[in-house]
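Numbered according to the numbering used here, the sequence shown spans residues 22 to 238.
Every residue, glycine too, gets a C-beta built ideally from N, C-alpha and C.
A quick note: this is a predicted structure, and the numbers were derived from the prediction, not measured.
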Amino acid sequence: MKFFVDTADIGEIRACAELGLADGVTTNPSLVKKAGRPFKEVLAEICALIPGPVSAEVAALDAETMIAEGRVLAKLAPNIVVKVPLTWDGLKTCRMLAQENIRSNVTLCFSANQALLAAKAGAAYISPFVGRLDDVGAEGMALIGEIRAIYDNYGFATQLLAASLRSPEHVKQCALAGADVATVPPGILRELAKHPLTDKGLATFSADWAATGQSIL
Ligand code: E4P
């Protein structure tokens with residue numbers, strides 16, 4: 022499973038890349054707002070740092086303007102993937118951009134039927150939102166399994182990019198369900214490294230080492 026970093030914070034992306042944890046990056050308008058920097062400037066920086074796919078979301082809601090925005094975004098760097106919403110106009114945009122060899126990440130996916138349409142439209146990535154389904158009392162992770170089964174049934178090339186992941190358990194379940202990619206906020210990536218028994222064991226080893234009075238350097 023690939024890890025994409027779900028943030029527009031260049032410092033956080035750099036920190037994850039140092040550990041080989043940034044196979045790509047996803048951004049959205051809320052993350053751009055949080056970063057508080059000009060969109061195109063921050064995208065150019067991310068694309069220069071990370072060779073993998075970097076998702077940049079269109080702002081318009083109608084296909085004609087989305088297509089124009091997608092073309093502009095795609096010109097910023099060769100690794101840009103244009104993020105479009107899972108609406109009728111978004112699917113049309115995805116289709117048109119695919120015909121121009123511009124990759125799309127179809128976002129805000131909440132059902133298997135939506136994911137099926139995105140694959141038919143030629144999406145490079147589908148982004149089902151696990152956490153937001155959990156938020157409304159649905160079983161977000163079940164959607165990952167459904168899309169995996171449907172895409173495998175028909176050999177769709179669209180990559181399953183699990184999004185809206187809020188916990189280490191989400192990440193583990195995505196890996197078990199066969200997601201191609203998990204896009205993970207940097208804080209959750211750090212949590213993946215933690216275990217109380219690691220901390221406890223390290224405290225014992227450190228104390229015992231100190232008691233030996235020795236030094237490695
Ligand atoms: C990434 O592509 C999504 O925009 C992001 O994972 C959404 O996460 P959220 O539901 O926690 O905002």
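Checklist entry - Can you tell me whether DSSP reads Leu213 as helix, strand or coil? => result As a first step, residue 213 is located in the sequence shown; it is residue number 192 there, counting from the start. In the three-state reduction of the DSSP assignment, Leu213 falls in the helix class.
Item to check | Where the beta strand (DSSP E) containing Pro106 begins and where it ends | outcome: Looking up residue 106 in the sequence shown gives position 85. Where Pro106 is concerned, the enclosing beta strand (DSSP E) starts and stops at Ile101 to Pro106.
Checklist entry - Residues in its own chain within less than 7 Å of Ala56 by CB, not counting five upstream and five downstream? => result Taking the first residue of the sequence shown as position 1, residue 56 is located at position 35. Ala29, Asp30 and Val63, listed in sequence order.
Next on the checklist: Within 10 Å of its beta-carbon, does Ser227 have 16 or more other beta-carbons around it, so buried, or fewer, so exposed?
Outcome noted: Numbered from its first residue, the sequence shown carries residue 227 at position 206. Exposed is the call here.
Checklist entry - For Arg187, is the beta carbon positioned less than 7 Å from some heavy atom of the ligand E4P? => result Here residue 187 refers to the residue found at position 166 of the sequence shown. Indeed, a heavy atom of the ligand E4P lies less than 7 Å from the Cβ.
Item to check | Three or more C-beta pairs below 8 Å linking the region 129 to 147 and the region 163 to 177 | outcome: Verdict: yes, contact present.
Item to check | Strand pairing of Cys130, partner residues [DSSP] | outcome: Within the sequence shown, the letter at position 109 stands for residue 130. For Cys130, which the question treats as bridged, DSSP gives the partners Pro149.
Item to check | Whole-angstrom distance between Asp220 and Leu82, CA atom to CA atom | outcome: Sequence index remark: in the sequence shown, residue 82 carries index 61 (1-based). Sequence index remark: in the sequence shown, residue 220 carries index 199 (1-based). For Leu82 and Asp220, the distance between alpha carbons rounds to 49 Å.
Checklist entry - Shortest alpha-carbon distance to Ala144 belongs to which of Glu121, Glu212 and Met22? => result One-based indexing of the sequence shown puts residue 144 at position 123. Minimum Cα distance to Ala144 is reached at Glu121.
Checklist entry - Any idea what DSSP makes of Gln180, helix, strand or coil? => result Taking the first residue of the sequence shown as 1, we reach residue 180 at position 159. Of the three classes helix, strand and coil, the one that applies to Gln180 here is strand, per DSSP.
Next on the checklist: I want to know whether the region 86 to 94 touches the region 168 to 188 - three or more CB-CB distances under 8 Å.
Outcome noted: The region 86 to 94, when compared against the region 168 to 188, does not touch it at the 8 Å Cβ threshold.
Checklist entry - alpha helix (DSSP H) containing Gly91: first to last residue? => result What you label residue 91 is simply residue 70 of the sequence shown in a count that begins at 1. Start and end: Ala84 to Leu97.
Item to check | Straight-line gap, Glu66 to Trp109 (C-alpha atoms, nearest Å) | outcome: For the purposes of this step, residue 66 is taken as the residue at position 45 of the sequence shown. For the purposes of this step, residue 109 is taken as the residue at position 88 of the sequence shown. Distance between Glu66 and Trp109, taken at the CA atoms: about 32 Å.
Next on the checklist: Relative to the C-alpha of Ala142, which candidate in Ile237, Val105 and Ile34 has its C-alpha closest?
Outcome noted: For the purposes of this step, residue 142 is taken as residue 121 along the sequence shown, with counting starting at 1. For the options Ile237, Val105 and Ile34, the alpha carbon positioned closest to that of Ala142 is the one of Val105.
Item to check | Bridge-paired residues (DSSP) for Glu78 | outcome: Within the sequence shown, the letter at position 57 stands for residue 78. Glu78 pairs with Lys104.
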